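The next block holds one structure in the form of structure tokens; read it before the comments.
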Amino acid sequence: MNHKSKGNLVDFIEEVSKPDSVLRKEFLDELYREGVTAEDLLKLFHRLSYDGVSLEDCGKLVSFASRGSFPCEFDKKY
16 MNHKSKGNLV DFIEEVSKPD SVLRKEFLDE LYREGVTAED LLKLFHRLSY
66 DGVSLEDCGK LVSFASRGSF PCEFDKKY
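Residue numbering for the sequence shown follows our numbering, starting at 16 and increasing by one per position.
And the structure:
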């Protein structure tokens, strides 16, 4: 089975920032799920074929979300 990565965290943010993004809701639901960990997010990114996203990236996302300071425009209720 040939697997092609869709990219890294920047590529993912560009995709979910599009007005017609179908990934936004799935990502935000997982990010704000109670008890979510960086490992959980990493599994989501890998399932979505964003293999360039690191565990460190995911840890930063979880940290931003837990402080209520997520820095991206797409962090608005869908």
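Cβ coordinates follow ideal geometry from the N, Cα and C atoms, glycine included. Just so you know, these numbers come straight off a predicted model, no measurement behind them.
Taking C-beta to C-beta, are residue i and residue j nearer than 9 Å?
{"i": "Leu43", "j": "Leu57", "result": "no"}
{"i": "Ala53", "j": "Val37", "result": "no"}
{"i": "Leu59", "j": "Lys21", "result": "no"}
{"i": "Val51", "j": "Arg39", "result": "no"}
Is residue i helix, strand or coil when you go by DSSP?
{"i": "Arg39", "result": "helix"}
{"i": "Arg82", "result": "helix"}
{"i": "Lys75", "result": "helix"}
Evaluate residue i with the Cβ neighbour count: other Cβ atoms within 10 Å of its Cβ, from every protein chain shown; 16 or more gives buried, anything less gives exposed.
{"i": "Tyr65", "result": "buried"}
{"i": "Val25", "result": "exposed"}
{"i": "Val68", "result": "buried"}
{"i": "Ser81", "result": "exposed"}
{"i": "Asp72", "result": "buried"}
{"i": "Glu29", "result": "exposed"}
I think residue i touches residue j, with their Cβ atoms under 8 Å apart; what is that distance to the nearest whole Å?
{"i": "Asp55", "j": "Glu45", "result": "7 Å"}
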